[in-house]
Structure formats: C-alpha cells, structure tokens
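Okay, so here's the structure we're looking at.
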Amino acid sequence: MFSTVDSAYSQTKKPVKKERKTRKARVAKKTALSPPVATISQPTPTPAPTPNPKPVEVKQTQTTVNAPVKATDIIKGATDLVITKPNGNINWTQQYIEATGQAVLDNERFKNAAQAKLMATRGAVVVAQRNLLEIVKGVQIIGETTVQDMITTSDYIYSRVEGVVKGAQQIGEAKEKDGYIEVRLRMPIYGSESLANTLDDQALELARQKNGYEKSPLLAKEAATGEGVDGSKPIVFNVENPGEFDPSMYPMVVDDNGKVLFDFSQYFRLKDGKFPQYLQLGKEILQAYGNQKGADIINMIQTGKGTFKIPQSSSKSVFWNKVARVAQDVGSVLFKLIF
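Counting in the working numbering, the sequence shown runs without a single skipped number right up to 505 at its last residue.
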C-alpha cells in the first residue's frame, strides 16, 4: 500500500510542479513584454530624495557676510590716537607712554669704544626716565585733574609713579647718531605694573571732587545684577568733531546739566589691565559698522578735557547698565571709544 500511494502521490505531484514553473515563466514573459513607459517616466517628475548641497553653501556664505561685528574688526579700520609731546608721545590706542633720551658719546674720556657706548647708554636712559616722568605728570586722570595734581598732594603716589617710570621698558637697541646715543623707553597706562596701578581709590575720589563729580554706586549695582545684556556687540562713543579734545585716563560722560551718567574709573580691571581704547575712525566706516553689523553707537554732542557730553533727551534712551556690564565684564575686548 505504501508503495502504491507513494506512486500515486508522485504521479499527481509532478504536474503541479510543471504548472508552477509554467506560471512563473508566464509572469516573467509578461514582465519582459510590458512596455517600459512606466519605469522610464517614474523618476522624471520626482526630485532627488536628498537635499541639494548648494543651498547649504549659500547659507554659510551669507552667515559669514552678515556676521556680527567684533571690536577687533573696528580696530583694524581705525587709526591710533597719538598725542605728541616734547621728547615723546602718548598712544591712547595702544595704551602706553613713550619718551626718548640722549647722551653724548664721550670717546675722549673713555678710550674703549664699547665702554664709551655703555656709559652713554646709561646716561641716555636717565634722561629718558626724566622725560618720561614729565610726560606722565601732564596726563589727565579725571576731567582736568592731572597726575601732577596727585603727586603734589601725596608722597605715596609720587613714589609709586616714580617707581613705574624707573621700571619702564627700553624699546629696541640704543641708537648711535651724530655723536649721541639715543634710547626709547615705554610704560603702560593700564595694567598691573602701570600708571593706573599707582592711583588708588582715594586718589580717584579726590580727582572726582576736584572736578565736581560724584561717584554713583547705583550704576555699578545695576551692572552686577543686569539681565539680558548682550555683550557680543561693541559699544561705540562717537565724537564726530572732537576739536582740541584731550583724552583722560578715565573719561566722564555727562548730560547737558553736567550730571554724571557714566564714570569709567569704576570699571577699570586692575587685574588684567582691561580698559576701553581710544580710536580714530572714518565716519563712513563707523556708519557701516552700526547700520550693517549691529554695533551700538552713542553719539556725543560736545567734548571737554576728559569729558563727553550727551543730550539729556538722548541719554534716556541709553541702557547705561548695559554699558556698565560690557565695560565691567568684557573690558577693552568689546568696548571701544572712537573719535
């Protein structure tokens, strides 16, 4: 029985297999004979599944063009504000004071040429230090109050100023010309070993009183607790016609009535010497920074010795706590005075 059933099963199974193969062949044949219109037209109206990389490149380029301005960008387009003095100068942009000194090269007294040059160099350094001290004395601290005013009232300040002057750095090698040896000395205005470091809070308060200014701690308090202040933009105090402007170490911003709106002496960072820089910049370039790059520009109407005046109506629209935050937190990196 098993063999008969098995034989019958085998006979009935074979036609099924042939039928399946025949059906597959028919399907394959129909597929091969089907018109290719659908397969050809299918991808034509359909865009590429992945986004085209070109729009990404355009966005990157546009971001670069419209990138917010940085203080370093403004500095590149500016000119240093340098006040020339007898035997030296004050560079308010680079924030240093320089002086030169000369001494006679005495070859008759010192027969050895090297020794003669050495002695002349020492003499030139002493002269340069003396010239440097004279320039420093004339530097305005606040308003019209000068370093000279401070050292005449305090032996302590005088000794500190004298110490910084004697520690001034020689710039370059001593130069020999026309029988003289000349040296150039430089000292910083701001920093840990600077002129600013010689003036303590008591000296600054005395300077304020001499000019009739009052220190306002309220602004400093607002600066410490202010929120939502964007410190990424430089703030520019713009003086279009500075005239005979004479900078001071710590300028004051006042309104029409002489009321102090901002006292820069409260925001000097003694630890790292950060402080706003004075720059000279063209009007067109400044407008471009303000209109296209987003720099905050505050226009002044008048200047005096170490003082900026802003209309009272305009001063109300200025967020002075923001100015304080930028000056206090970022210092000279993102806060510039431009003239």
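By construction, the Cβ of each residue, glycine as well, lies at the ideal position given by its N, Cα and C atoms.
Residue pairing by DSSP places M418 opposite D429, T473 in a beta bridge. Listed in chain order, the non-local C-beta contacts of D412 below 8 Å within the same chain comprise I249, Q306, K471, G472, local neighbours out to five positions each way being set aside.
Annotation: the continuous beta strand (DSSP E) that includes M353 extends over 346-354.
At the C-beta level, Q478 and D422 come within 8 Å of one another. Taking the Cβ atoms as the reference, L427 lies roughly 7 Å from I476, within the contact range of under 8 Å. Under the three-state reduction of DSSP, V305 is assigned to coil, being neither helix nor strand.
The beta-carbon separation of A269 and F276, rounded to 12 Å, does not stay under the 8 Å limit for a contact. Per DSSP, D367 is one residue of the alpha helix (DSSP H) stretching across 367-376.
Closest option to Y346, judged by alpha-carbon separation, among K251, R288, N465, K425: R288. N255 and G439 have their alpha carbons spaced roughly 20 Å apart. As computed with DSSP, D246 is found in a beta bridge with L445. It is roughly 30 Å from the alpha-carbon of G424 to the alpha-carbon of K251. Our two residues, G304 and I401, have alpha carbons roughly 28 Å apart in a direct line. A distance of 8 Å or more separates the beta carbons of L361 and I308. For L299 and G267, the gap between their C-alpha atoms comes out near 12 Å. Shown here, T312 sits in a strand according to DSSP, grouped into three states.
Judged by beta-carbon spacing, Y433 lies beyond the 8 Å limit of I355, meaning their Cβ atoms are not closer than that value.
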